[in-house]
Amino acid sequence: MLLFAYVLACVVLAVGYAGLLWVVRRVWCALPEQQVPAHLQPTVPISVVVAARNEASCIEACLRSVLAGDYPAALREVIVVDDYSEDDTAARVALLAAEAPGSVRLLRLCEATPPAPPGKKSALQWGITHARGELIATTDADCTAPPRWLSLLALAYTTHRPNAVVAPVVLDVRPRCWWDSFQALDTAATMAITGVALARGWFAAGNGANLCYPKAVFEAVGGYAGSEHRASGDDMYLLAKMPLQQVLFLKNAAAAVRTRPCSDVRAFWAQRLRWGTKNAAWPNRRLQGTLALVLVLHTTLLANALLAFWKPLLGVVALFQLGAKAGADHALLREVSRFFHQKNILRHFWPSLLAHVVYVAIVGWAALVVRRYTWKGRRCS
């Protein structure tokens, strides 16, 4: 009797997961893409704020990509806040600021008055305080921006006047590298869920690597007050202070910033554990329900596969669960990868699918237990 109930629960989980992703795919495909006028004339001053710690190897590429964009220089400033870097990050920014006087400003968090604690949120808050623009755009120091990035963010803001604009992030993958494709597929699914969650008002979602909001709104909601004790979450904790109907997802591939996948399993584990602890602590029932469904499905799938030698029926159940997951995942990822011009990552779908089962099951439970982790050489919680 217990075995029958367990098998039935596993089947219901698989069907529920497939149904959820079917809804996500349908809503994603129906989301309108931001149209761009032929002769776009930007008028809104924008401050790009980048918090950087130990990013000497990539900060220059990030800043040059922003400066090379089509947004008028007179309406754009770039502020880099050095978060107590232990490498040459600040020196490299200073050199670039000397090349482009008036376009790039370097602030050092260690020089903040009153003294500011270390951390990404403190760095962003310090940078936004000194920003002159009406709009704040944030990205990460290891990202590069497309040419029309700021123009599209400004267009979305002036057209809809939201409290915040959430835009996509995609990964640059190496050809024929399944490890990169695995991470890119996971990121693509996250982008679809982000867009759909905001469009349907399910829960706040976003990525600080591509986020935009009026400075006045940031100040009105109190910035990061209330979440200073958490190292990550500069995106979701801020968005949660705003009405969901006032947060817009910018569906346009030309607005997506790009970054590199994690180079190895250790870096990937640290990154996903950091994200997982943030999500696990998120006080939203819809998000928690979604995460619970995903975690329990992948855990039972992995357990059933491992126990199939002892109880063959569980192997059949695992195959059913895997088939439901594969069909739902592939249908969604086919649409999203096509939209972001990354269809090549689907050639590694099957090994990525199997890796995804293990990753979700292990990292999901670890995020519920682990309360401290290492990020950029710091012990965080």
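When the letters of the sequence shown are read in order and numbered with the working numbering, they come out as residues 5 to 385. Each residue gets a CB set at the ideal place from its N, CA and C atoms; glycine is no exception.
- Query: Span of the beta strand (DSSP E) holding L175?
  - Reply: 173-175
- Note down the Cα distance separating G205 from Q346, rounded to an integer number of angstroms. 27 angstroms
- Query: Helix, strand or coil: how does DSSP classify C62 here?
  - Reply: coil
- Message: Comparing C-alpha positions only, which one of V300, R276, I83, V174 sits nearest to T191?
- Response: V174
- Note down, in chain order, each residue of its chain lying with its Cβ closer than 8 angstroms to the Cβ of N308, except the 5 sequence neighbours on either side. C14, L318, G319, V321, A322, Q325
- Message: In this structure, how does DSSP classify V320 when only helix, strand and coil are distinguished?
- Response: helix
- Item | Extent of the continuous alpha helix (DSSP H) run through R30 | 6-34
- Using the DSSP secondary-structure output, state which residues sit across from V70 in a beta bridge. Paired residue(s): none; V70 is not in a bridge.
- Which word fits A344, buried or exposed, when buried means at least 16 other C-beta atoms lie within 10 angstroms of its C-beta? Before going further, note that residue 344 is Phe rather than Ala in the sequence given. F344 is buried by the Cβ-count criterion.
- Can you grab the Cα-Cα spacing for the pair P172 / G199, in whole Å? 9 angstroms
- Query: Hey, is the stretch 251-261 in contact with the stretch 154-171, meaning 3+ C-beta pairs nearer than 8 angstroms?
  - Reply: yes
- Message: Report the start-end ranges of each beta strand (DSSP E) in the stretch 259-335 that is 3 residues or longer and not cut off at the edges.
- Response: 261-263
- Item | Per DSSP, the bridge partner or partners of L157 | The partner list for L157 (beta bridge, DSSP) is empty, contrary to what the question assumes.
- Query: By DSSP, does T4 sit in helix, in strand, or in coil?
  - Reply: Because the chain here runs from 5 to 385, residue 4 falls outside it and cannot be looked at.
- Since D87 contacts A116 with CB under 8 angstroms, what's their CB separation in whole angstroms? The pair is not a contact, with the Cβ atoms about 11 angstroms apart (cut-off 8 angstroms).
- Since S89 contacts R57 with CB under 8 angstroms, what's their CB separation in whole angstroms? 5 angstroms
- Can you tell me whether F313 is buried or exposed, with buried defined as 16 or more other CB within 10 angstroms of its CB? exposed
- Message: List, from N- to C-terminal side, the alpha helix (DSSP H) runs of 4 residues or more that fit wholly inside the stretch 171-258.
- Response: 182-204, 219-224, 240-243
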